[in-house]
Amino acid sequence: MLEPQGRNVQVALREIGDHIRYHAAMVNRAFHEENRLAWNEATAAHNSHKRDQAKFFREGGNTLFPEEMALLGDIAGLSLVHLQCNSGQDTLSLAQRSAIVTGVDISDTAIAFACKLSEESGIPAKFHRMDVYDWLEETVQGAERFDIAFCSYGAICWLSDLNTWARGIAAVLKPDGRFVMVEFHPFAMTLDEHWTHKFPYCRGGQVQNWEEGIGDYVAYSGAALTPSGYVAGVKDFKNPYRSHEFLWGIGEVVTALLEAGLTITALQEYPYSNGCKQFERMRETAGGRMIPPEDVPNLPLLYGLAARKAS
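Put into structure tokens, the structure is as follows:
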């Protein structure tokens, strides 16, 4: 029979094992791989519209919006991992605020661009080209831990398994570490581009397949998503690869984080979108905020969340 101290060690080992046990059957690798190919194509088109980004950052440019900055607070000197970081513009913006940053993304094109942008701008950052699940699993098994994990704007819909993701985040955070996210509101995803209620809400991660793949939303959004300056770039972009989204409700995101042992410290909803014109006839207001046209009542278009790991 185990002595009390032995039982405590056994429990601790079991808890660690729970953190690093990744159930491959729950993570849809095939859809992730097709999404990687679609993002490779779309990312090149997106960056083609952005004028001299290295110069923009060298001159102190920043791509963050007030919502994520408020939730993050003072990050100077803190280690921060930016999950699903795309081409690294927000990652480098976090580094501009004196964080020690690491970016992770599945897209080869995005990470290659991020590394080049870091070098040419002179802003230090580490980048990893990996599926977020692979990176979390590898990092959990190593010694590196972070003060903050962060993701934003179109990250959650690419996750095929929320529980594995949330457990991984909790495991790579230091004691008292924080998770912060700002994301498009899942209720807004029930609407088509004409503001018509077309899709069901909260489908438990059910897959939504898009034969047309990831589009050129940067071209559609214009200056609001190109703070370094807009250029015509790629015209009439057509993605040769389809994409697959996994739709989760806010309650499912919150529950996954709670079950991973994190404490929710903030949950905000915003009646506007930042930068991205998700729907037709959106009106742009100060700071790149997008609101519905006058004939559409206001509705939640973004939400923000912060959580903390026990010390």
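Here our numbering is used: the first residue of the sequence shown is 28, the next is one more, and so on.
Glycine is no exception: its CB is placed at the ideal position from the N, C-alpha and C atoms.
These numbers come from a predicted model, not from an experiment.
Inset, instruction - Indicate whether the contact test is met: 3 or more Cβ pairs, each with one atom in the region 323-338 and one in the region 277-292, closer than 8 Å. - result: Result yes; three or more Cβ-Cβ pairs closer than 8 Å.
Legend entry - Under the three-state DSSP convention, the category Ser338 falls into: The residue you call residue 338 lines up with position 311 of the sequence shown. Three-state result, Ser338: coil.
Legend entry - Exposure of Asn370, with buried meaning 16 or more beta-carbon neighbours within 10 Å: Residue 370 is absent from the structure shown; the chain starts at 28 and stops at 338.
Inset, instruction - Assuming Asn74 and Phe154 form a contact by the criterion Cβ under 8 Å, report the distance between their Cβ atoms to the nearest whole angstrom. - result: The residue given as residue 74 occupies position 47 in the sequence shown. The residue given as residue 154 occupies position 127 in the sequence shown. The pair is not a contact, with the Cβ atoms about 15 Å apart (cut-off 8 Å).
Legend entry - Ala176 beta carbon less than 8 Å from that of Ala150: The residue you call residue 150 lines up with position 123 of the sequence shown. The residue you call residue 176 lines up with position 149 of the sequence shown. Correcting the residue type first, residue 150 is Ile in the shown sequence and not Ala. Contact: no.
Inset, instruction - Could you tell me if Leu294 is buried or exposed, where buried requires 16 or more neighbouring beta carbons within 10 angstroms of its beta carbon? - result: Position 267 of the sequence shown holds residue 294. By the 10 Å Cβ count, Leu294 comes out exposed.
Inset, instruction - Can you say whether Phe173 is buried or exposed, counting buried as having 16 or more other CB atoms within 10 angstroms of its CB? - result: Within the sequence shown, numbered from 1, the residue matching residue 173 stands at position 146. Under this definition Phe173 is a buried residue.
Inset, instruction - Just grab the DSSP bridge partners of Arg316 for me. - result: Reading the sequence shown from its first residue, position 289 is the one you call residue 316. The partner list for Arg316 (beta bridge, DSSP) reads Asn301.
Legend entry - Exposure of Ala182, with buried meaning 16 or more beta-carbon neighbours within 10 Å: Taking the sequence shown and counting its residues from 1, one reaches residue 182 at position 155. Around the CB of Ala182, 16 or more other CB atoms lie within 10 Å, so the residue is classed as buried.
Inset, instruction - Determine the DSSP secondary structure at Met157, reduced to helix, strand or coil. - result: Position 130 of the sequence shown, counting from 1, holds the residue named residue 157. Three-state DSSP puts Met157 in coil, outside helix and strand.
Inset, instruction - Examine the Cβ distances between the region 217-231 and the region 262-279 and report whether three or more of them are shorter than 8 Å. - result: yes
Inset, instruction - Can you have a look at Thr292 and say buried or exposed, based on whether 16 or more other CB atoms are within 10 angstroms of its CB? - result: As a working note, residue 292 is residue 265 in the sequence shown. Per the 10 Å Cβ criterion, exposed.
Inset, instruction - Say whether the region 241-252 touches the region 302-322, bearing in mind that this needs 3 or more beta-carbon pairs closer than 8 Å, one atom from each stretch. - result: yes
Legend entry - Residue ranges of each beta strand (DSSP E) within the region 145-191, 3 or longer: 153-156, 173-179
Legend entry - Sheet register partners of Val108 (DSSP bridge): Taking the sequence shown and counting its residues from 1, the one referred to as residue 108 is at position 81. Val108 is bridged to Thr129, Ala176.
Inset, instruction - Could you check if Lys265 is buried or exposed, using at least 16 other CB atoms within 10 Å of its CB as the buried criterion? - result: As a position in the sequence shown, residue 265 is number 238, starting the count at 1. That one is exposed.
Inset, instruction - Look at the Cβ atom of Val323, then the Cβ atom of Trp237, and state whether they are nearer than 8 Å. - result: Here residue 323 refers to the residue found at position 296 when the sequence shown is read from its first residue. Here residue 237 refers to the residue found at position 210 when the sequence shown is read from its first residue. Not a contact, by the Cβ cut-off of 8 Å.
Inset, instruction - Between the Cα of Asp101 and those of Val245, Ser114, Gln123, spot the shortest distance and give me the residue it belongs to. - result: Numbered from 1 along the sequence shown, position 74 holds the residue referred to as residue 101. The option with the nearest alpha carbon to Asp101 is Gln123.
Inset, instruction - Compute the distance between the beta-carbons of Ser187 and Val280, then report whether it is under 8 Å. - result: For the purposes of this step, residue 187 is identified with residue 160 of the sequence shown, where counting begins at 1. For the purposes of this step, residue 280 is identified with residue 253 of the sequence shown, where counting begins at 1. No, the pair does not count as a contact, with Cβ atoms beyond the cut-off.
Inset, instruction - Rounded to whole angstroms, what's the CA-CA distance from Arg56 to Gln111? Just pull it up for me. - result: Residue mapping note: residue 56 aligns to position 29 of the sequence shown, counting from 1. Residue mapping note: residue 111 aligns to position 84 of the sequence shown, counting from 1. Whole-angstrom Cα-Cα distance: 16 Å.
Legend entry - Assumed close pair Met157, Val131 - CB separation to whole angstroms, cut-off 8 Å: Against the sequence shown, residue 157 aligns to sequence position 130. Against the sequence shown, residue 131 aligns to sequence position 104. With a Cβ gap of about 6 Å, Met157 and Val131 count as contacting.
Legend entry - Beta-bridge pairing of Thr290 - partner residues as DSSP gives them: Within the sequence shown, numbered from 1, the residue matching residue 290 stands at position 263. The partner list for Thr290 (beta bridge, DSSP) reads Arg335.
Inset, instruction - Could you check which residue in Ala313, Asn325, Trp162 has the C-alpha nearest to that of Ala215? - result: Position 188 of the sequence shown, counted from the first residue, corresponds to residue 215. Selected option, being the one with the closest Cα: Asn325.
Legend entry - Three-state secondary structure (DSSP) of Gln235: The count along the sequence shown starts at 1 and reaches residue 235 at position 208. Three-state DSSP puts Gln235 in a strand.
Legend entry - C-beta contact flag for Tyr299 and Leu332 at 8 Å: Taking the sequence shown and counting its residues from 1, the one referred to as residue 299 is at position 272. Taking the sequence shown and counting its residues from 1, the one referred to as residue 332 is at position 305. It is not a contact, given that the beta carbons lie outside the stated cut-off.
Inset, instruction - Could you check which residue in Val159, Lys82, Glu239 has the C-alpha nearest to that of Thr129? - result: Reading the sequence shown from its first residue, position 102 is the one you call residue 129. Nearest C-alpha to Thr129: Val159.
Legend entry - Presumed contact (8 Å Cβ cut-off) between Leu99 and His109, rounded CB distance: Your numbering for residue 99 matches position 72 in the sequence shown. Your numbering for residue 109 matches position 82 in the sequence shown. Not quite, the Cβ-Cβ distance comes to about 11 Å (not below 8 Å), so this is no contact.
Legend entry - Close-in-space but distant-in-sequence residues of the same chain around Glu321 (CB under 6 Å, 5 per side omitted): Locating residue 321 in the sequence shown gives position 294, counting from the first residue. Here the set comprises nothing.
Legend entry - Extent of the continuous beta strand (DSSP E) to which Phe206 belongs: Along the sequence shown, one-based indexing puts residue 206 at 179. Unbroken beta strand (DSSP E) run through Phe206: 200-211.
Inset, instruction - Go to Ser270, then tell me how far its beta strand (DSSP E) extends in each direction, as first and last residue. - result: If you number the sequence shown from 1, residue 270 lands on position 243. 270-273 is the extent of the beta strand (DSSP E) around Ser270.
Inset, instruction - Identify which residue in Thr136, Val258, Pro319 has its Cα closest to the Cα of Lys9. - result: This structure leaves residue 9 out entirely; the chain is present only between 28 and 338.
Legend entry - Exposure of Thr70, with buried meaning 16 or more beta-carbon neighbours within 10 Å: By 1-based counting over the sequence shown, the position of residue 70 is 43. Buried is the label assigned to Thr70, since at least 16 other Cβ atoms lie within 10 Å of its Cβ.
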